[in-house]
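Comments concern the structure below.
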Amino acid sequence: MKVGGRDTTTIWCEADGPAVGIIDQTRLPHEFVTRHLRDVAAAAHAIRSMQVRGAPLIGATAAYGIALAMLEDPTDKGLTDAARLLLATRPTAVNLRWAIADMVDLLKPLPAAERVARAYRRAAEICAEDIGINRAIGEHGVAAIAAAWRQKGERGPVEILTHCNAGWLATVDRGTATAPIYRAQELGIPLHVWVDETRPRNQGAALTAWELREQHVPHTVIADNAGGHLMQHGRVDLCLVGTDRTTAAGDVANKIGTYLKALAAHANDVPFYVAVPSPSIDWTIGDGVREIPIEERDPREVTHIVGRLSDGTIGRLQLTPDGTEAANYAFDVTPARLVTGLITERGICAASRAGLSSLFPEVCRASVHEEPVVRRRG
Ligand code: MRU
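This note's numbering puts the first residue of the sequence shown at -5, with every later residue one more than the last.
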């Protein structure tokens, strides 16, 4: 996507050395800062501190983290230690586990001397695959936007509500939930996006608003609680969100607050779509509410807020009385029954085991209790 008019991805391998470049998303929207990851510890820190965030980008960063680890120590121990370090960074996005397993499965049988080059190559492939997946999600998902446009008699912009940032910044490029939006924009379908601010870290207000502004997509930031009101008054044609982990039965874990939006959408007959790249599908579980681990973060993200102060500096303000207890659940699970459709790189399907297996038949599951057989890609 464009930053200041220039094509940019969110992660890249530096041409003149082994370092991996990232955009430090903790500085956005007020400053555009890039950083170099030079070892696996820096990659783990970038994921944990949310310099990089969003399920697909977490996976891509972990893949490069393994490559950086191989530079330091290409032995089996180096590989195992790196995998363990990266896996412990954030629990909910399954792309992390997927990318680490992909890298470990690939590197383990190779002699140590071959591991560095192969690891960098595979990390680059994972990034390229992410871009391809997101483009395909855009091609399929635009049908939902076009349908809403036709239903409105092609009058007025299609009003889309999104939550958190499932955009370009959460992936390597294009985004997942934003991919159909960018495709619709290319096709000339008029759009307007309601952007949930997404407390407590404000990924909507800070990141999605910044990203949509850079791409010239009309949008309005709303308080998280405004969505129900807008849906009740016919101001939302469809909801379009991303996912950190979708189960084989179609339950969707995404940023905290997504479930409430799905309930409001269901109550108001507003279609609720989830953009799901296949590395975000956890084929090993069915019941998302019981089985998906929900990250709990520092309560200070709730009691405090970060923003630009009137003197231009970035500061942290306290919102609550001194000593107030706060809980910070970072994700919730939307049950499949509230989801209109899953937009994958292979098409749109029902949020159900049957829907997903119609698009991904190679993932065989004889029963819920049986281990799935997942054919490796690439
Ligand atoms: O805590 P974050 O910012 O990593 O959470 C991100 C989300 O919840 C996104 O919606 C999700 O990862 C999908 S990204 C394409």
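We put the beta carbon where it would ideally sit given N, CA and C, even for glycine. Quick caveat, the model's predicted, so the values are computed rather than measured.
With at least 16 other beta carbons inside 10 angstroms of its own, ILE275 counts as buried. Secondary structure within the region 113 to 189: the beta strand (DSSP E) runs of 3 or more consecutive residues, fully enclosed, are 152 to 156 (chain order). Beta-bridge annotation (DSSP): PHE354 is not paired with any residue.
In this structure, GLY236 has its CB closer than 6 Å to one or more heavy atoms of the ligand MRU. Annotated as proximal: VAL166 and CYS121, with beta-carbon spacing under 7 Å. Between GLY251 and HIS157, the gap from beta carbon to beta carbon is short of 7 Å. Boundaries of the beta strand (DSSP E) harbouring GLY309: 308 to 312, taken from the DSSP string. Look at CYS233: its beta carbon is at least 6 Å from all of the heavy atoms in the ligand MRU.
Inter-residue distance for LEU353 and GLY317 is about 51 Å (C-alpha atoms, whole angstroms). The alpha-carbon of VAL333 is positioned some 22 Å away from that of ALA217.
The way I'd put it, the region 268 to 287 does touch the region 45 to 55; three or more beta-carbon pairs between them come closer than 8 Å. Taken through DSSP and simplified to helix, strand or coil, LYS102 comes out as coil. Per DSSP, the continuous alpha helix (DSSP H) segment holding TYR58 begins and ends at 49 to 66. For GLU319, same chain residues with a beta-carbon under 8 Å away, outside a window of 5 residues either side, are PRO293 in chain order. Spanning the alpha carbons of VAL14 and ARG29 requires a straight line of approximately 8 Å.
By the Cβ-count criterion, LEU303 is exposed, with fewer than 16 other Cβ atoms from all chains shown falling within 10 Å of its own Cβ. Look at LYS249: its beta carbon is less than 6 Å from one of the heavy atoms in the ligand MRU. The three-state secondary structure of ASP75, taken from DSSP, is helix. Of ASN159, ARG116, PRO184, the smallest CA-CA separation from HIS210 is found for PRO184. ASN248 is classed as buried because its beta carbon has at least 16 other beta carbons within 10 Å across all chains shown. Distance from the C-beta of THR20 to the nearest heavy atom of the ligand MRU is not below 6 Å. In the DSSP assignment, THR252 falls within the unbroken alpha helix (DSSP H) covering 252 to 261. Secondary-structure assignment with DSSP links ARG29 through a beta bridge to ILE16.
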